[in-house]
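Note that the protein sequences, when read in sequence, are chains A, B, C, D and E. As numbered in the working numbering, residues 54 to 135 make up the first sequence, in order. As numbered in the working numbering, residues 54 to 135 make up the second sequence, in order. As numbered in the working numbering, residues 54 to 135 make up the third sequence, in order. As numbered in the working numbering, residues 54 to 135 make up the fourth sequence, in order. As numbered in the working numbering, residues 54 to 135 make up the fifth sequence, in order. Take a look at the structure below.
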Amino acid sequence: MEIWRVVGELVCTRRVPGLGSTSLRVLKGQKGEIMVASDAVGAPPGKWVFTTLGSAARYAMPDQRTTTDLTICGIIEGWDEA
Amino acid sequence: MEIWRVVGELVCTRRVPGLGSTSLRVLKGQKGEIMVASDAVGAPPGKWVFTTLGSAARYAMPDQRTTTDLTICGIIEGWDEA
Amino acid sequence: MEIWRVVGELVCTRRVPGLGSTSLRVLKGQKGEIMVASDAVGAPPGKWVFTTLGSAARYAMPDQRTTTDLTICGIIEGWDEA
Amino acid sequence: MEIWRVVGELVCTRRVPGLGSTSLRVLKGQKGEIMVASDAVGAPPGKWVFTTLGSAARYAMPDQRTTTDLTICGIIEGWDEA
Amino acid sequence: MEIWRVVGELVCTRRVPGLGSTSLRVLKGQKGEIMVASDAVGAPPGKWVFTTLGSAARYAMPDQRTTTDLTICGIIEGWDEA
Chain A
54 MEIWRVVGEL VCTRRVPGLG STSLRVLKGQ KGEIMVASDA VGAPPGKWVF
104 TTLGSAARYA MPDQRTTTDL TICGIIEGWD EA
Chain B
54 MEIWRVVGEL VCTRRVPGLG STSLRVLKGQ KGEIMVASDA VGAPPGKWVF
104 TTLGSAARYA MPDQRTTTDL TICGIIEGWD EA
Chain C
54 MEIWRVVGEL VCTRRVPGLG STSLRVLKGQ KGEIMVASDA VGAPPGKWVF
104 TTLGSAARYA MPDQRTTTDL TICGIIEGWD EA
Chain D
54 MEIWRVVGEL VCTRRVPGLG STSLRVLKGQ KGEIMVASDA VGAPPGKWVF
104 TTLGSAARYA MPDQRTTTDL TICGIIEGWD EA
Chain E
54 MEIWRVVGEL VCTRRVPGLG STSLRVLKGQ KGEIMVASDA VGAPPGKWVF
104 TTLGSAARYA MPDQRTTTDL TICGIIEGWD EA
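Here's what the structure looks like:
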């Protein structure tokens with residue numbers, strides 16, 4: 054599962070029916086790259102999150118037929134190194 | 054889902070039967086890399102789009118048996134950072 | 054299967070139901086990149102481990118419906134070059 | 054779908070039964086990286102081609118049980134930017 | 054299918070049951086990166102090999118339920134550029 058920071062909400066002029074009304078987030082990665090993800094937890098801009106990709110991205114969605122390959126699966130608080 | 058700019062329409066001298074008459078777009082990525090994608094939304098050259106890869110690329114196509122691993126799923130207008 | 058070093062235990066404020074109470078580890082890769090993985094072997098911080106990704110990440114879990122795309126599958130002692 | 058140039062025909066001393074007598078091509082990528090692909094269209098050395106990966110690589114083969122993760126799906130003539 | 058050189062045999066202190074007694078090889082890639090693969094052809098250290106990843110890595114194994122995402126599928130002799 055990859056780590057990203059939520060940048061904002063994507064605005065589309067057209068999208069495939071399989072995305073339904075899914076909220077799409079714009080994410081920024083550790084090297085500054087930009088990606089788009091479906092959001093299964095309601096992650097506001099500024100938060101650090103982790104995502105699953107591939108078929109796991111669909112299994113993470115409430116509707117598992119959603120046409121996605123990247124889904125936000127959790128909001129990160131931090132980590133314990135002990 | 055990755056973000057790309059549509060460069061143009063691919064011209065082939067030969068292709069596998071599983072692609073049928075699917076329109077194939079040439080895309081340019083954030084680092085200048087070039088890829089080929091099937092197009093599920095009708096995205097003209099110059100537009101910014103997002104794609105799904107893997108099995109989700111097939112689920113996004115009207116005919117889900119299309120032999121593809123990358124499909125254009127939406128045209129990007131921009132994003133809201135608030 | 055990729056090689057990583059375990060950094061610590063992830064702390065989340067929210068996560069998808071499909072992760073259940075799975076222990077999530079923070080891993081550091083060969084280039085310093087940070088990833089999150091489910092843990093199928095009980096790997097403490099400081100250990101070198103290898104992971105499977107994609108559908109194999111789910112097959113490696115005791116509960117194969119776990120919403121993961123990366124699972125720790127073993128603890129590395131070293132390797133024999135002979 | 055990725056873009057490659059065909060370099061030549063792979064010669065093996067041993068290979069898994071699931072590859073049958075499939076022709077294996079050596080490809081060179083946009084950054085000079087070398088890969089091996091099964092060939093579904095008959096692409097001679099020197100040609101530019103595009104490939105599908107993952108499960109789509111198997112669906113592109115005449116025998117869909119072929120043990121492959123990368124298949125040449127078409128020969129590129131060029132592209133139209135209009 | 055990716056190209057690697059076999060470095061040696063992995064030694065683990067613990068591993069998931071789904072790997073059974075599969076032989077695990079340590080591989081070095083074109084950029085010096087290190088990976089672990091299950092071995093379906095019996096590839097000794099020093100050999101150049103090619104691998105399949107994802108679900109094809111399982112299909113290449115004698116026991117297709119093996120928990121792997123990378124399998125050695127052949128030993129490379131070289132290639133013909135004519």
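Every residue, glycine too, gets a C-beta built ideally from N, C-alpha and C. Predicted, not measured: the structure shown is a model, and the values here were computed from it.
Indicate whether at least one CB of chain B lies closer than 8 angstroms to the CB of residue i.
| i | result |
| --- | --- |
| residue 65 (chain A) | yes |
| residue 109 (chain D) | yes |
If you run the structure through DSSP and keep just helix, strand and coil, what is residue i?
| i | result |
| --- | --- |
| residue 131 (chain E) | strand |
| residue 71 (chain E) | helix |
| residue 111 (chain A) | helix |
| residue 94 (chain C) | coil |
| residue 84 (chain A) | coil |
| residue 61 (chain C) | strand |
| residue 119 (chain D) | coil |
Using a beta-carbon distance below 8 angstroms, is residue i in contact with chain A?
| i | result |
| --- | --- |
| residue 98 (chain C) | yes |
| residue 105 (chain B) | yes |
Enumerate in chain order the residues of its own chain whose CB-to-CB distance from residue i is below 8 angstroms, with the five nearest sequence positions on each side excluded.
| i | result |
| --- | --- |
| residue 71 (chain D) | 118, 119 and 120 |
| residue 129 (chain D) | 56, 100, 101, 102 and 103 |
| residue 93 (chain B) | 113, 114, 115, 124, 125 and 126 |
| residue 79 (chain E) | 59, 60, 61, 62, 63, 87, 88 and 89 |
| residue 73 (chain E) | 116 and 119 |
Does chain E have any CB closer than 8 angstroms to the CB of residue i?
| i | result |
| --- | --- |
| residue 60 (chain D) | yes |
| residue 114 (chain D) | no |
| residue 94 (chain D) | no |
Between residue i and chain C, is there a C-beta pair that is closer than 8 angstroms?
| i | result |
| --- | --- |
| residue 128 (chain A) | yes |
| residue 87 (chain A) | no |
Taking its Cβ as the centre, do 16 or more other Cβ atoms sit within 10 Å of residue i, making it buried, or is it exposed?
| i | result |
| --- | --- |
| residue 91 (chain E) | buried |
| residue 107 (chain B) | buried |
| residue 66 (chain E) | exposed |
| residue 133 (chain D) | exposed |
Taking 7 angstroms as the limit between beta carbons, can you name the residues of its chain near residue i, skipping five residues before and five after?
| i | result |
| --- | --- |
| residue 122 (chain A) | 106, 107 and 110 |
| residue 81 (chain A) | 57, 58, 60 and 87 |
| residue 98 (chain A) | 59, 60 and 61 |
Quick one: is residue i near chain G, going by C-beta distance under 8 angstroms?
| i | result |
| --- | --- |
| residue 132 (chain A) | Given the protein chain composition of this structure (A, B, C, D and E), no chain G is represented. |
Can you check whether the C-beta of residue i is within less than 8 angstroms of a C-beta belonging to chain D?
| i | result |
| --- | --- |
| residue 124 (chain B) | no |
Give me, in chain order, the residues of the same chain whose beta-carbon lies closer than 6 angstroms to that of residue i; leave out the 5 immediate sequence neighbours on both sides.
| i | result |
| --- | --- |
| residue 76 (chain E) | 92 |
(request) Please name the residues in the segment 69 to 83 of chain A whose beta-carbon is closer than 7 angstroms to at least one beta-carbon of chain B, in chain order. (result) 69, 71, 72 and 79
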